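In our numbering, the protein residues as written are 225 to 533. Idealized CB from N, CA, C, for every residue including glycine. Computed from a prediction, not measured in an experiment: that's the story for all the values here. A short write-up of the structure that comes next.
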Amino acid sequence: MPQSSNEARILLALQALQNNPKLGIRRAASMYEVGYGTLRNRKNGIQSRGDWIPKSRKLSDLEENIIIQFILDLDSRGFPSRLRFVEEMANSLLADRDTPPVGKRWAHNFVKRQPELKTRLFRKYDYQRAKCEDPTIIRDWFRLVQNTIAKYGIRSDDIWNFDETGFMMGIIMAGMVVTGSERQGRPKSVQPGNREWITVIQAINAEGQSIAPFIIGAGQYHLANWYRECDLPGDWVIATSQNGWTNNELGLEWLKHFDRSTTKRSTGPYRLLILDGHESHHSADFERYCKDNKIITLSTDSNASGGGC
């Protein structure tokens, strides 16, 4: 008899006992085909083996299985997890029951004793190489996209692509200018002293619709002149980080901005969000928010999803 099926019947029996005080334990055990002693113990507050945590371990079997399935699900969508991410998931579960976090080596040891999981070295992926990939190499990725769309019944206007770009403020690009015909040499323009980095995150769907950009500037505080000197639309979002780059916290804030901007215009129960493989775009909190709000994520990194050479 599968353990999960037996556990489900025990839970139903416990619910029946709670709903009907006149129902006896022996009668409930017979009705739901579970052991009398097991049901009596559970009613008296004794945990199941799946919920029991050995002294040498931080998490129960059920909690560890949740992490394993989460990791496997992310990997199937092109987001292989780093050990730090595994640690974050464990600490999130522990925080729910006010338990101290895991140690530094916990994630490594956890993966080592799970036959379903394995650590692998990852390699940096050059954008120019990605552009030149043979279509046969990324065929599996397109098949994954098609299967995901079919599985969740996602419509084209609910398919969104994430795009992040960064640029240095004050950098003047080469361009064509008009000068006097007798001028000797190329004209020059002095670079301004401001060289702060700016990141802009945008999203556009398969129907060509877009949401307001999310702009990240370098700094700790919002400055009033950002809003006085620039006539920005009211739905544009400005955020700050120390260096003007994305981090896990801002990645989550952008996701909430995306959710607010697309929920009302969504035509189906699920939205598909296609991301790059950067870790700030699929932190534990990021993925949890997606799951709670029916946002399915896929990675554009064909190597991460198993299609790379």
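Query raised in the report: Short check: CB of ILE295 to CB of VAL258, under 8 Å?
Result: In the sequence shown, the residue the question calls residue 295 occupies position 71. In the sequence shown, the residue the question calls residue 258 occupies position 34. No, the pair does not count as a contact, with Cβ atoms beyond the cut-off.
Query raised in the report: For VAL401, which of helix, strand or coil comes out of DSSP?
Result: As a working mapping, residue 401 is identified with position 177 in the sequence shown. Its pLDDT being 43, under 50, VAL401 is placed unreliably in this model, and the value from its coordinates should be taken loosely. VAL401 falls in the coil class under three-state DSSP.
Query raised in the report: How big is the Cα-Cα spacing for GLY417 and ARG363?
Result: Within the sequence shown, numbered from 1, the residue matching residue 417 stands at position 193. Within the sequence shown, numbered from 1, the residue matching residue 363 stands at position 139. Bear in mind that the predicted position of GLY417 carries a pLDDT of just 45, short of 50, making it too unreliable to give a figure here.
Query raised in the report: Taking Cβ to Cβ, would you say VAL424 is nearer than 8 Å to ILE435?
Result: Within the sequence shown, the letter at position 200 stands for residue 424. Within the sequence shown, the letter at position 211 stands for residue 435. Contact: no.
Query - Member of LEU499, ILE378, ARG306, TYR494 whose CA lies at the smallest distance from the CA of ASP516 - result: Counting from 1 along the sequence shown, the entry for residue 516 is found at position 292. Answer by Cα proximity: TYR494.
Requested in this report: Under 6 Å Cβ to Cβ from TYR513, same chain only, skipping five residues before and after it: list those, please.
Outcome: Taking the first residue of the sequence shown as 1, we reach residue 513 at position 289. Excluding residues within five positions, the ones whose Cβ falls inside 6 Å are LEU479.
**Report entry** Collapsed DSSP secondary structure at VAL414 in the structure displayed
**Finding:** Within the sequence shown, numbered from 1, the residue matching residue 414 stands at position 190. Because VAL414 carries a pLDDT of 42, less than 50, the predicted location of this residue cannot be relied on, and the following value inherits that uncertainty. If DSSP states are grouped into helix, strand and coil, VAL414 belongs with coil.
Report task. Specify, as a first and last residue, the run of the beta strand (DSSP E) that GLN426 falls within. Result -> Sequence index remark: in the sequence shown, residue 426 carries index 202 (1-based). First-last of the beta strand (DSSP E) with GLN426: 421-429.
Requested in this report: Measure the CB-CB distance between ASP387 and ALA430 and report whether it falls below 8 Å.
Outcome: Here residue 387 refers to the residue found at position 163 when the sequence shown is read from its first residue. Here residue 430 refers to the residue found at position 206 when the sequence shown is read from its first residue. No, they are not a contact pair.
**Report entry** Spatial distance of MET397 from ARG329 (CA atoms)
**Finding:** Position 173 of the sequence shown, counting from 1, holds the residue named residue 397. Position 105 of the sequence shown, counting from 1, holds the residue named residue 329. At MET397, the pLDDT of 46 sits below 50, so the modelled position is not reliable and the matter cannot be decided from this model.
Query raised in the report: Can you pull the DSSP bridge partners for VAL461?
Result: Counted from its first residue, the sequence shown places residue 461 at position 237. Answer by DSSP bridge pairing, in chain order: PHE438.
Requested in this report: Give a yes or no on whether the C-beta atoms belonging to ASN315 and PRO304 are separated by under 8 Å.
Outcome: Against the sequence shown, residue 315 aligns to sequence position 91. Against the sequence shown, residue 304 aligns to sequence position 80. For ASN315 and PRO304, no; Cβs fall outside 8 Å.
Query raised in the report: Which same chain residues, not among the five before or five after GLU312, have their C-beta less than 6 Å away from its C-beta?
Result: As a first step, residue 312 must be located in the sequence shown, where it is residue number 88. Closer than 6 Å at the Cβ level, and outside the excluded window around GLU312, lie ALA508.
Query - Ordered list of alpha helix (DSSP H) runs contained in the region 284-327, each at least 4 residues - result: 285-300, 307-320
Requested in this report: Using three-state DSSP, classify ARG495 as helix, strand or coil.
Outcome: Locating residue 495 in the sequence shown gives position 271, where the first residue counts as 1. ARG495: strand per DSSP, three-state reduction.
Query raised in the report: Under three-state DSSP, which class holds SER529?
Result: Here residue 529 corresponds to residue number 305 of the sequence shown, with the count starting at 1. Because the pLDDT of SER529 is 42, which lies under 50, any placement of that residue in the model is unreliable, and the number read from its coordinates should be weighed accordingly. Coil at SER529, not helix or strand.
Query - THR487, DSSP secondary structure in three states - result: Locating residue 487 in the sequence shown gives position 263, where the first residue counts as 1. Residue state, collapsed to three classes: coil.
Query raised in the report: Can the beta-carbon of ILE498 be found closer than 8 Å to that of TRP384?
Result: To locate residue 498, count along the sequence shown from 1; it is residue 274. To locate residue 384, count along the sequence shown from 1; it is residue 160. Closer than 8 Å, so yes.
Requested in this report: Measuring alpha carbon to alpha carbon, tell me which of LEU476, GLU477, LYS518, SER485 ends up nearest LEU496.
Outcome: In the sequence shown, residue 496 corresponds to position 272, counting from 1. Closest by alpha carbon: LYS518.
Requested in this report: Could you check which residue in SER380, THR464, ALA374 has the C-alpha nearest to that of TRP421?
Outcome: What you label residue 421 is simply residue 197 of the sequence shown in a count that begins at 1. Of SER380, THR464, ALA374, the residue nearest in Cα terms is THR464.
**Report entry** Separation of GLY475 from ASN244, as counted between CA atoms
**Finding:** Walking along the sequence shown from the start, residue 244 turns up at place 20. Walking along the sequence shown from the start, residue 475 turns up at place 251. When rounded, the distance between both Cα atoms is 48 Å.
Report task. In angstroms with no decimal places, state the Cα-to-Cα distance between ILE290 and ASP455. Result -> Along the sequence shown, one-based indexing puts residue 290 at 66. Along the sequence shown, one-based indexing puts residue 455 at 231. Whole-angstrom Cα-Cα distance: 47 Å.
Query - Under 8 Å between C-beta atoms of LEU236 and TYR260 - result: Numbered from 1 along the sequence shown, position 12 holds the residue referred to as residue 236. Numbered from 1 along the sequence shown, position 36 holds the residue referred to as residue 260. No, they are not a contact pair.
Query raised in the report: ILE292 and GLU231: beta carbons closer than 8 Å?
Result: Reading the sequence shown from its first residue, position 68 is the one you call residue 292. Reading the sequence shown from its first residue, position 7 is the one you call residue 231. Their beta carbons are not under 8 Å apart, which means ILE292 does not touch GLU231 by this criterion.
Requested in this report: Out of ARG337, ASP382, ALA253, THR343, point me to the one whose CA is closest to GLY432's CA.
Outcome: Residue mapping note: residue 432 aligns to position 208 of the sequence shown, counting from 1. Among ARG337, ASP382, ALA253, THR343, the Cα nearest to that of GLY432 is on ASP382.
Query raised in the report: Can you list, in chain order, the residues of its chain whose CB lies under 8 Å from that of LEU318, leaving out five sequence neighbours each side?
Result: As a position in the sequence shown, residue 318 is number 94, starting the count at 1. Contacts found: LYS282, LEU283, PRO324, PRO325, VAL326.
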